[in-house]
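To get the working numbering, take the position in the sequence shown, counting from 1, and add 332.
These notes concern the structure reproduced below.
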Amino acid sequence: MNCHDCPQSCRLKPHPQRRRFFGLLPGKSSKQSLAVAHKKVALVGPPNVGKSLIFNLLTKTYVTVSNYPGTTVEVAQGNANVAGEILTFCDTPGMYSLIPITEEERVARDLVLSQKVDLVIHVVDAKNLDRMLNLTLQLIEAKLPVLLVVNMMDEARQLGLRIDEHQLAYQLGIPVVLMSAVQKIGLRKLIAEVADRVQPPLLSTSY
Ligand SMILES: Nc1nc2c(ncn2[C@@H]2O[C@H](COP(=O)(O)OP(=O)(O)O)[C@@H](O)[C@H]2O)c(=O)[nH]1
Ligand SMILES: [Mg+2]
Numbered sequence: 333m334n335c336h337d338c339p340q341s342c343r344l345k346p347h348p349q350r351r352r353f354f355g356l357l358p359g360k361s362s363k364q365s366l367a368v369a370h371k372k373v374a375l376v377g378p379p380n381v382g383k384s385l386i387f388n389l390l391t392k393t394y395v396t397v398s399n400y401p402g403t404t405v406e407v408a409q410g411n412a413n414v415a416g417e418i419l420t421f422c423d424t425p426g427m428y429s430l431i432p433i434t435e436e437e438r439v440a441r442d443l444v445l446s447q448k449v450d451l452v453i454h455v456v457d458a459k460n461l462d463r464m465l466n467l468t469l470q471l472i473e474a475k476l477p478v479l480l481v482v483n484m485m486d487e488a489r490q491l492g493l494r495i496d497e498h499q500l501a502y503q504l505g506i507p508v509v510l511m512s513a514v515q516k517i518g519l520r521k522l523i524a525e526v527a528d529r530v531q532p533p534l535l536s537t538s539y
């Protein structure tokens with residue numbers, strides 16, 4: 333007998349699938365329901381660039397870790413209040429390109445292309461900026477709303493590297509934030525940029 337034919341009152345309870353969010357089932361560690369559809373922000377980028385650290389700085393608590401459906405790849409998501417609006421952030425597995433080679437890359441690509449994402453934060457390592465901008469260009473070409481975070485600026489500065497964020501933002505046509513996540517430098521600017529990108533457009537009246 334399928335659920336719809338069953339006379340039991342349990343069918344009135346929400347089906348677990350309805351709690352899917354970002355395509356994920358809620359994890360065991362969740363203390364807060366993530367069932368409400370908030371705007372979604374995905375953190376993407378190669379491994380070891382600081383995505384998870386930035387995700388933790390943004391979400392602080394109530395993080396849910398779940399396997400992406402049909403895979404063993406874990407994806408973390410958590411809510412944060414940004415300028416009065418609750419946003420759901422998703423920490424994706426490492427990805428170098430939108431053309432996936434590994435299962436992690438396929439999951440990350442699915443998360444940004446198959447789900448409706450309101451903002452993609454592409455995190456890169458300032459020390460290897462030129463190698464990492466390829467994915468930024470792919471995300472822009474895919475017409476995704478992209479914000480570039482150039483992280484690890486502390487290490488880049490120690491190597492004598494200088495990055496002109498305004499020039500980079502102008503050349504790419506997207507907002508750019510320089511960060512040193514371990515020192516929380518750039519965090520306020522990142523939050524302000526995220527708030528700007530996800531805020532609803534001003535009400536306009538058309539006659
Ligand atoms: N020096 C420095 N280390 C960082 C910075 N951000 C992250 N890390 C470190 O880089 C490593 C990888 O960070 P993680 O957040 O796991 O990267 P992910 O693989 O992109 O999620 C960790 O040891 C972090 O502490 C940063 O801005 N500066
Ligand atoms: Mg990580």
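Don't be surprised by glycine CBs; every beta carbon is placed ideally from N, CA and C.
Note that the coordinates shown come from a computational prediction; the quantities given were computed from them, not determined experimentally.
For this session: Leaving out five residues on either side along the sequence, give the residues of the same chain with a beta carbon under 7 Å from the beta carbon of residue 528.
Result: The beta carbon of residue 528 is closer than 7 Å to none in its chain, skipping five residues each way along the sequence.
Exercise. Under the rule that 16 or more other beta-carbon atoms within 10 Å means buried, what is residue 525, buried or exposed?
Worked result: With 16 or more neighbouring CB atoms inside 10 Å of its own CB, residue 525 falls in the buried class.
Problem set entry | As assigned by DSSP and simplified to three states, the class of residue 472 | DSSP places residue 472 in helix when its eight states are reduced to three.
Problem set entry | For residue 421, the residue or residues it bridges with in DSSP | According to DSSP, residue 421 bridges with 373, 410.
Problem set entry | Limits of the unbroken beta strand (DSSP E) element including residue 456 | That run of the beta strand (DSSP E) goes 451-457.
For this session: Would you give the residue range spanned by the alpha helix (DSSP H) that residue 443 belongs to?
Result: DSSP places residue 443 in the uninterrupted alpha helix (DSSP H) bounded by 435-445.
Problem set entry | residue 432 versus residue 481: straight-line alpha-carbon distance, rounded | Distance between the alpha carbons of residue 432 and residue 481: 22 Å.
For this session: Starting from residue 391, follow the alpha helix (DSSP H) in both directions and report where the run begins and ends.
Result: Start and end: 383-391.
Exercise. Taking the Cβ atom as the reference point for each residue, do residue 427 and residue 377 lie within a distance shorter than 8 Å?
Worked result: Taking 8 Å as the Cβ cut-off, residue 427 and residue 377 qualify as a contacting pair.
Exercise. What separation, rounded to the nearest whole angstrom, lies between the Cα atoms of residue 469 and residue 429?
Worked result: The straight-line gap from Cα to Cα measures roughly 10 Å.
Problem set entry | Inter-stretch contact at 8 Å, needing at least 3 Cβ pairs: the segment 470-489 / the segment 451-458 | Enough Cβ pairs lie closer than 8 Å, so yes.
Problem set entry | Own chain residues within Cβ distance below 8 Å of residue 344, not counting five before or after | With a pLDDT of 38 at residue 344, under the threshold of 50, the predicted position of this residue should be treated as unreliable, though the coordinate-derived value follows. The beta carbon of residue 344 is closer than 8 Å to none in its chain, skipping five residues each way along the sequence.
Exercise. Distance, Cα to Cα, residue 405 vs residue 518?
Worked result: Each residue's alpha carbon lies about 29 Å from the other.
For this session: Give a single yes or no on whether residue 505 has its beta carbon closer than 7 Å to a heavy atom of ligand 1.
Result: No, ligand 1 has no heavy atom inside 7 Å of this Cβ.
For this session: Taking residue 392 as the reference, give the member of 443, 423, 458 with the closest Cα.
Result: Considering only alpha carbons, the answer is 423.
Problem set entry | Local Cβ density within 10 Å of residue 410, reported as buried at 16 or more and exposed below that | Using a 10 angstroms sphere on the CB of residue 410, the tally of other CB atoms reaches 16 or more, which defines it as buried.
Exercise. Under the criterion of a Cβ to heavy atom distance below 7 Å, does residue 491 qualify as lining ligand 1?
Worked result: With a cutoff of 7 Å, residue 491 does not count as near ligand 1, since its C-beta is closer than that to no heavy atom of the ligand.
Problem set entry | Three-state secondary structure assigned by DSSP to residue 481 | In the three-state reduction of the DSSP assignment, residue 481 falls in the strand class.
Exercise. Cβ of residue 457 versus every heavy atom of ligand 2: is any distance shorter than 7 Å?
Worked result: It does not: the Cβ of residue 457 is nowhere closer than 7 Å to a heavy atom of ligand 2.
Problem set entry | Selection from 419, 491, 381, 437 that minimises the alpha carbon distance to residue 463 | The residue with the shortest Cα to Cα distance from residue 463 is 381.
Problem set entry | Local conformation of residue 526 per DSSP, three classes | Here DSSP, grouped into helix, strand and coil, assigns residue 526 to helix.
Exercise. Going by the beta-carbon positions, is the gap between residue 521 and residue 493 smaller than 8 Å?
Worked result: No, the pair does not count as a contact, with Cβ atoms beyond the cut-off.
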